[in-house]
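Report on one structure; see the data block that follows.
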Amino acid sequence: MRLPVIRNIIVFLFLILLINLFRMQCIKGPDYFRQSENNRIRLVPEGASRGIIYDRTGMPLVRNRLVFDVVAVPQEIAVKDKTSLFSKLSGFLDISSEVLADTFHYNYSAHAAFYPVMLVSNISRNTAFLIEQDRASLPGIFVQPRALRYYLYGKDTAHVLGYVGKMHQNEYERLKEYGYERRDFLGRSGIEKKFDHVLRGEAGGMQLEVDSEGSIIEVLGYKPPVRGEDLHLTIDIGLQTNIAEWVGEHKGAVGVMDAENGEVLALYSSPSYDPNVLIDRKDSEEISKILNSKDAPLLNRAVCGYAPGSIFKIVTAYAGLIEKEIDFNTTFHCPGYYKIGKAKLRCWLKQGHGGVSVENAIATSCNVFFCNTARKLGADRIAKYAKEFGLGRKTMIELPAEQIGVVPTLAWKRSKLNQKWYGGDTLNFSIGQGYLLVSPVQALKMVAFVANDGKEVMPHLIKGQGKKSNIRILSMPELQIIKHGMKKVISADYGTGHRAKVSGVQMYGKTGTAQVGNRSPHAWFTGYAEVKDQKFCFIVFLENGGHGGAQAADIAKQIVLYLRDDKDV
Amino acid sequence: MFNILSRFIKGFDKQLAIILSILIIFGLTALFSASYQKQIDTGKSFFLTQIIWMAIGMVLMFLVAKTSYNSFLSVAYITYGIHIVFLIFVLCMGRTVLGAQRWISIGGIGFQPSESSKIFTILALARIIGDNPRKLQTISGLVRPFLIVVVPMILIFKQPDLGTALVFLPIFLSIIWVGGIKLKYMLTTITLGTISLPLFWSLLKGYQKSRLMVFLNPNVDPLGAGYTINQSKIAIGSGMFSGKGWFTGTQNQLNFLPERHTDFIFSVIGEEGGFLAAGAIVILFLLLLLRGIKIAEGTKDISGRLIVTGITTMLALHAIINIGMTLGLMPVVGMPLPFISYGGSALLCNFIAIGFLFNVKMHRTVF
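First to last, the sequence lines map onto chains C and X. Sequential numbering of the first sequence, starting at 20, is according to my numbering. Sequential numbering of the second sequence, starting at 2, is according to my numbering.
Dropping the structure here:
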């Protein structure tokens, strides 16, 4: 029988436990008892400074600025004097002593008695000095310096960088295993959230043994904090701030990307917010304005799905060409409407475009041409190519909360809406209306396929992540035809985007005007420009911004002008 | 009460029931004191919640004991497979959320499949070896049992939950040992395991390494794990022979001990009850485990004996690792003390484990 071996091992291990227990409690017990009586340990935490985020040229986008917190060390506060202590402290701080006492009790629960409990964060420098001067009358109260995040460009970079905020209890429970402390700040959105583990570094501090007077007897240990890593972004802060200015009061999103390697030079979502207001937690009126605004400034519109309108015709044209339902010479007659059953789907040009080829259909954004193409293709074949262009899935840009959008199919409509797919749905789909939802970043990726003759790039924000892709996913000859059409959008006088024309730069564009209920339509303008043997894709999306060839095209023009004149890479 | 039970239930193990009851009463007493401060601060009654958990645990224990373990064995591969799926699922979800994810939620109730997977791996092992015990004598016959253990182990290690993953190894060794592996193979397995330790070290995550480092030298991290070990040792040691008395442990009541109602509850027992109480707990655990060995010895059926061996080893490890950790003899790995620490998943699983000890005693064939 082999069980006695196991029994012996168990008995042996338990004997070790018992012997050690006996040694600790009965032999060395008095020593430990003394230690427990004098257990006055003080922790002086020293936070790690968070990594700095730089733009592509090495300009810092954030700074860590020094602020002061008021903390209380529970074991050094005499229990009886608590009320008088807090009322004395409240004289310095303009906060009622009841609130101070409540904060103290609320924050105390999680920690040991010598662990500093946060009472008030981010007090003014003056108040800090006043409290320090009066230290003797405030036993157990300390002023601690701490680094606080400051975003140098405020609103302009809010959605890319995100912001940091205090940890909630449930987040702490989940993260404490990874060395997070209750008092730590956590990336709340954007790069700050996605790369929190890289940026945060590792907190350190000192463990001191103090006597009953509070003076130091011995330093029990010191752990130096480890600084967080810096991040270098692909963002060009000059372009980014300019775009913020050009977009102004409009709602929407604008992005610029190096077409060949996917480096995102600018990505702006409007309306924006000032993250410093959220971090400071001082201006509660401004904070509630941000949180409660019906324009949802916290929402990053660059990664949210919207009806793309005619910019989707790039996909429909490609699907028609590659499936050989149309070719370079195919023309359809546009009388100004397309008849389906008894209904008429209007082309945006009332008098009609006459006979149009695919190239001119892109240039003039003729709906009738694409309705004819769509009728031949059917919805599922359009959907197939939409997916090849990267729509309906994440681009994997380094931003949290990226939406995948919707590429509708017959099966999708049946399972999601429990409805039959109608012929009209196919027509709507082909011109970027109906159920289709595309995010501005997806649109950037889509147009990069055209710029790269079918090679895929991954839009990204961290420098050095991008590789030039050599795998051709889409077919070049078909894209060439679409390219010609997109060139005419800008260069031809009848092109819908001719307002964006910049002399000396070869540009390709596509406008989109997506109908949304009774409100003014969404304006889209996408395309790319060849500047000094580089190709830059751009996307301008203005929520309820009217015609894509109007203000959206103007913003695109300013971007290209900037790339031509101001940027030197 | 146990007399009545043993009259009605054939093979009911009265001794096991008595030892378990004493442990539970001890545990609740300690928890009441350990969670008192925290209850005042948070307004949440840990004590009452724990009683509810215990009630659920006991119901599960009785349910497990009722149906013969042979029925459990017949579906052992299926339950094992389901757990592997759970573990993969947890791992995939953990990928999308920052940090570790050990929980999955079914119908709003969260549970940790890594806990229960220990039990169902034991069942799968007992089944495969019990079906053909002679196979274990050959090297090729060892491969499948080894795979059964390694797959959940790696999945749990990846979560990452080092402590739970490591428990699988001794369980495996004890089962194949009792299952009849040749001595030279056993020695080879242990030697190979020892040699591969450095490799294992390189697979550890940063915080896991630092925890092990802290164990070797608590001053490495005076603010983190090292602090906990030091405070726990002071708490236990200062209890001396007879303890400071219930509710009067300064380390405990003054919030010096973090996690004192969960992983470090033994420190509270040591401080407030002294060597008398802490030693009693150690001896109670030992008696419980010896009872397990006794049941195994009395079971002729291979599978039944292996279930009891595996379960006993598992409970032994839970107790030894936890107590060893509070005494500073083991690294801090986050292992609750069976039947005493506050907490859901682990508590329920330990009750289910005991349920299997009762089960085999009741349903084994007597020759």
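All C-beta atoms in this analysis are idealised placements derived from N, C-alpha and C, irrespective of residue type, glycine included.
Could you check if residue i is buried or exposed, using at least 16 other CB atoms within 10 Å of its CB as the buried criterion?
i: X:Gly109; result: Any reading at X:Gly109 must be qualified, since the residue scores a pLDDT of 47, below 50, and its modelled position is unreliable; the value itself is stated next. Classification of X:Gly109: exposed, given that the 10 Å Cβ count is below 16.
i: X:Ala354; result: buried
i: C:Arg165; result: buried
i: C:His541; result: buried
i: C:Pro327; result: buried
i: X:Met315; result: buried
i: C:Val588; result: Unreliable positioning characterises C:Val588 in this predicted model, as indicated by a pLDDT of 47, which lies under 50. The coordinate reading is nonetheless provided below. So C:Val588 ends up on the exposed side.
i: C:Lys369; result: exposed
i: C:Met495; result: exposed
i: X:Pro339; result: buried
i: C:Glu237; result: exposed
i: C:His352; result: exposed
i: X:Ser117; result: buried
i: C:Val275; result: buried
i: C:Leu372; result: Per the sequence shown, residue 372 of chain C should be read as His rather than Leu. C:His372 should be labelled buried.
i: C:Met526; result: buried
i: X:Val98; result: Reliability fails at X:Val98, whose pLDDT of 39 lies under 50, so the model's placement of it is uncertain and no value is given.
i: C:Lys576; result: buried
i: C:Asp346; result: exposed
i: C:Asp512; result: exposed
i: C:Val627; result: Outside the displayed range of chain C (20 to 588) lies residue 627 of chain C, so it cannot be described from this structure.
i: C:Tyr134; result: buried
i: C:Glu561; result: Residue 561 of chain C is actually Leu in this sequence, not Glu. Classification of C:Leu561: buried, given that the 10 Å Cβ count is 16 or more.
i: X:Cys373; result: The requested residue 373 of chain X does not occur in the structure, where chain X is confined to residues 2 to 368.
i: C:Gly267; result: exposed
i: X:Arg96; result: With a pLDDT of 44 at X:Arg96, under the threshold of 50, the modelled position of this residue cannot be trusted, and the question is left open.
i: C:Ala533; result: buried
i: X:Asp162; result: buried
What whole-angstrom Cβ distance do residue i and residue j have, given they're in contact under 8 Å?
i: X:Pro332; j: X:Asn323; result: Rounded, the Cβ-Cβ distance is 12 Å, inconsistent with contact.
i: C:Thr445; j: C:Ala402; result: The Cβ separation is near 10 Å, so there is no contact.
i: X:Val150; j: X:Phe173; result: 4 Å
i: C:Ile262; j: C:Trp543; result: So it is not a contact: roughly 16 Å between Cβ atoms.
i: C:Val425; j: C:Leu456; result: 4 Å
i: C:Ala91; j: C:Leu62; result: Actually they are not in contact, since the Cβ atoms of C:Ala91 and C:Leu62 sit about 13 Å apart, beyond 8 Å.
i: X:Ala320; j: X:Phe286; result: 4 Å
i: X:Phe3; j: X:Ala18; result: 5 Å
i: C:Gly443; j: C:Arg518; result: Not quite, the Cβ-Cβ distance comes to about 32 Å (not below 8 Å), so this is no contact.
i: C:Met505; j: C:Val469; result: 7 Å
i: C:Pro158; j: C:Glu95; result: 6 Å
Which bits of chain X does residue i rub up against, with CB to CB less than 7 Å?
i: C:Asn39; result: Leu328 and Leu330
i: C:Phe105; result: What C:Phe105 touches in chain X: nothing, since even the nearest Cβ is about 18 Å away.
i: C:Lys47; result: Gly238
Could you list which residues in chain C have their beta carbon closer than 9 Å to that of residue i, in chain order?
i: X:Gly131; result: Chain C residues near X:Gly131: none, gap ~15 Å exceeds 9 Å.
i: X:Met336; result: Those within 9 Å of X:Met336 in chain C number zero; the least Cβ separation is about 14 Å.
i: X:Ala127; result: Per Cβ cutoff of 9 Å: no residues; X:Ala127 is ~15 Å from chain C at best.
i: X:Gly1; result: Outside the displayed span of chain X (2 to 368) sits residue 1 of chain X, for which this structure offers no information.
Run through chain C and tell me which residues come within less than 8 Å of residue i, C-beta to C-beta.
i: X:Gly275; result: Gln44
Just to make sure I have the definition right: I need the residues of chain X whose C-beta is within less than 8 Å of the C-beta of residue i. Which are they?
i: C:Arg21; result: Trp178, Val179 and Gly181
i: C:Leu36; result: Val283, Ile321, Ile324, Gly325, Leu328 and Leu330
i: C:Phe389; result: Going along chain X, no residue has its Cβ under 8 Å from C:Phe389, so there is no contact; the nearest lies around 38 Å.
i: C:Lys529; result: Here the premise fails: no neighbours, minimum Cβ distance about 34 Å.
Against residue i, what residues of chain C qualify as contacts under a CB-to-CB distance less than 7 Å, listed in chain order?
i: X:Ile294; result: Leu22, Ile25 and Arg26
i: X:Ala297; result: Leu22
If the cut is a Cβ gap below 9 Å, which residues of chain X does residue i touch?
i: C:Leu456; result: Going along chain X, no residue has its Cβ under 9 Å from C:Leu456, so there is no contact; the nearest lies around 22 Å.
At a Cβ cut of 7 Å, what residues of the segment 167–189 of chain X count as close to chain C, listed as they run along the chain? Ser175, Trp178 and Val179
Of the residues that make up the segment 278–292 of chain X, which ones have a beta carbon closer than 8 Å to any beta carbon in chain C? Ala279, Gly280, Val283, Ile284, Phe286, Leu287, Leu290 and Leu291
With 9 Å as the limit, tell me which residues of the segment 304–329 of chain X have their beta carbon closer than that to any beta carbon of chain C; keep them in chain order. Arg306, Thr310, Thr313, Thr314, Ala317, Ala320, Ile321, Ile324, Gly325, Leu328 and Gly329
Ignoring anything shorter than 4 residues or poking outside the segment 431–478 of chain C, list the alpha helix (DSSP H) runs there in chain order. 442–449 and 459–470
Would you list, in chain order, the members of the segment 147–172 of chain C that have their beta-carbon closer than 8 Å to a beta-carbon of chain X? none
Chain-ordered residues of the segment 504–515 of chain C with a beta carbon less than 7 Å from chain X: none
Taking a Cβ distance cut-off of 8 Å, strictly less, list which residues of the segment 11–33 of chain X are near chain C, in chain order. none
When you check each C-beta in the segment 231–248 of chain X against every C-beta of chain C, which residues fall closer than 8 Å? Gln232, Lys234, Ile235, Ala236, Ile237, Gly238, Ser239, Gly240, Met241 and Phe242
If contact means a Cβ-Cβ distance below 7 Å, which residues of the segment 394–419 of chain C contact chain X? none
Interfacial residues, the segment 341–355 of chain X to chain C, with Cβ spacing under 8 Å: none
Alpha helix (DSSP H) segments (min. 4 residues) lying fully within the segment 229–299 of chain X: 251–254 and 266–298
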